[in-house]
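Structure first, commentary second.
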Amino acid sequence: MIKNLFRPRHLLDPWRDNFVIALILRNISGGQIGDALAQVDAHCTDSGEEPEEAFGDPVVYATSVAEQVRPVDLALSMSPLRAGMLALAVLFAVPTLLSGVSGLARGGPAELSIGSLVGAGVGTAAITLVVRFASVLKDPRQRGRRFGAIWLLLGAMTGPSIIWTSTAVELSAWLSVGIAAVLLAATWVSLRATGPDVVVDPLTGDSLPTPRWIAPGVHWLLPVTLAVAILLILFMPGH
Amino acid sequence: MTTPETQPTWPGDWLRGVLELCVLGVLADGPTYGYAIAQRLAEAGLGVVKGGTLYPLLTRLEGEKLVEATWRAGDGGPGRKYFELTAAGRAELARRDVLWAEFVTRTRRLLPADPDVDNVAASNPLEM
Numbered sequence: 149m150i151k152n153l154f155r156p157r158h159l160l161d162p163w164r165d166n167f168v169i170a171l172i173l174r175n176i177s178g179g180q181i182g183d184a185l186a187q188v189d190a191h192c193t194d195s196g197e198e199p200e201e202a203f204g205d206p207v208v209y210a211t212s213v214a215e216q217v218r219p220v221d222l223a224l225s226m227s228p229l230r231a232g233m234l235a236l237a238v239l240f241a242v243p244t245l246l247s248g249v250s251g252l253a254r255g256g257p258a259e260l261s262i263g264s265l266v267g268a269g270v271g272t273a274a275i276t277l278v279v280r281f282a283s284v285l286k287d288p289r290q291r292g293r294r295f296g297a298i299w300l301l302l303g304a305m306t307g308p309s310i311i312w313t314s315t316a317v318e319l320s321a322w323l324s325v326g327i328a329a330v331l332l333a334a335t336w337v338s339l340r341a342t343g344p345d346v347v348v349d350p351l352t353g354d355s356l357p358t359p360r361w362i363a364p365g366v367h368w369l370l371p372v373t374l375a376v377a378i379l380l381i382l383f384m385p386g387h
Numbered sequence: 006m007t008t009p010e011t012q013p014t015w016p017g018d019w020l021r022g023v024l025e026l027c028v029l030g031v032l033a034d035g036p037t038y039g040y041a042i043a044q045r046l047a048e049a050g051l052g053v054v055k056g057g058t059l060y061p062l063l064t065r066l067e068g069e070k071l072v073e074a075t076w077r078a079g080d081g082g083p084g085r086k087y088f089e090l091t092a093a094g095r096a097e098l099a100r101r102d103v104l105w106a107e108f109v110t111r112t113r114r115l116l117p118a119d120p121d122v123d124n125v126a127a128s129n130p131l132e133m
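Same order as they appear, the protein sequences are chains H and G. Heads up, the first sequence is in my numbering, so the first residue is 149 and it goes up one at a time. Heads up, the second sequence is in my numbering, so the first residue is 6 and it goes up one at a time.
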């Protein structure tokens, strides 16, 4: 509470919002962002200056700060096993959910195609490999391999569904939706528990307010995409 | 101490070149925080060093292990990040101190040794 008395500016204003966003976009860790932000606050409190006056344009200053600290490599910070588990959950849950919704719309069972199951398996293997070799792909000299990895990922996830459309498994539509909901909820909770990196006060270790669109943007990307897909299935002609 | 009336406007390149050495010199007196360093530099007549210039420099020195930093809770005010010279920082300051003195000596030799210059500088040193 005392901290809040002395730091009312931590309710981020436009300058600080832009500064934090610029640092996040440069992959600077939450701890380092909190440190830089606290220095801005301390300096402005001591000098009586506004941030714009003391530090200039927030994006230019963020660039100066980012040049002096080591950025976080998000791909390198996740283990291949965890990336594989999360990928498997999502890649299996998405076609299961969509086939369940489709089944409910038709009044029939959920039909999982051979291709969607193969795609989930191959896509999981591909994502695990990409994370495993992230340090190699990160090398600027490996631009060709990086593009190759992206196409491998996309192809692995979508190709089998296009090639093998015949039904492999039939499930109750509600069971299918239920299984998918559990898997997606578990994935969402897991991702939410570990990230994204939060901006941390260097003195107290407390998390600081993050620009409002950042965290929701990361957490709600998949749910919103799925909701749109479900609406399309429900309201597409033929259902 | 240089008063605002006698404060010259140093060419930006000069300040950029010597600022790191000056900051190391200020820190040789003991641990202190960013705004206090800026004040010391201003009092020494180097002009106002903006936070946007000073803090990235301090972060670079920290990254090079020439200084170490710790956050201390403020006594009735904001928390402050204190910077302190490391052993490597002291050694680097001593090395650059010698180099800088030699650099000034050599630079001075290249400049005109016209006694009038000294006279003009003595009469109105800051408007040359």
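Each residue gets a CB set at the ideal place from its N, CA and C atoms; glycine is no exception.
- For G/W15, the three-state secondary structure derived from DSSP is coil.
- By the beta-carbon neighbour count (other beta carbons within 10 angstroms, threshold 16), G/A49 is exposed.
- At a beta-carbon threshold of 8 Å, the residues of chain H lying near G/Y40 are A190, H191, D194 and S195, ordered along the chain.
- Annotated as proximal: H/V270 and H/P308, with beta-carbon spacing under 9 Å.
- Interface residue (Cβ-Cβ distance to chain H less than 9 Å): G/P61 is classified as such.
- In the DSSP secondary-structure assignment, G/K55 is not bridged to any residue.
- The C-alpha of H/Q187 is placed about 10 Å away from the C-alpha of H/T193.
- G/G68 belongs to the set of residues whose beta carbon lies under 9 Å from a beta carbon in chain H.
- In terms of beta-carbon proximity, H/D354 stays away from the interface with chain G, with every pair separated by 9 Å or more.
- Straight-line spacing of the CA atoms in H/G251 and H/A321 works out to 5 Å.
- Of all residues in the stretch 69-88 of chain G, only A74, W76, R77, A78, G79, G81, G82, P83, G84, R85 and K86 come within less than 9 Å of chain H when Cβ atoms are compared, listed by chain position.
- When rounded, the separation of the alpha-carbon atoms in H/A202 and H/L380 is 51 Å.
- Residue environment: G/E97 is assigned as buried (16 or more neighbouring CB atoms within 10 Å of its CB, all protein chains considered).
- Using a Cβ-Cβ cut-off of 9 Å, G/R65 counts as an interface residue toward chain H, since at least one Cβ of chain H sits closer than that to its own.
- Against chain G, the CB of H/F383 has no partner CB under 9 Å away; the residue lies outside that interface.
- Spanning the alpha carbons of G/V23 and G/G17 requires a straight line of approximately 10 Å.
- Where G/T75 is concerned, the enclosing beta strand (DSSP E) starts and stops at V72 to R77.
- Proximity of the stretch 332-339 of chain H to the stretch 261-276 of chain H falls short of the contact definition, fewer than three beta-carbon pairs being nearer than 8 Å.
- Looking only at G/R100, G/L104, G/Y40 and G/E25, the smallest Cα-Cα distance to G/R65 is reached by G/E25.
- One thing to note: G/L90 has its Cβ within 9 Å of the Cβ of G/V72.
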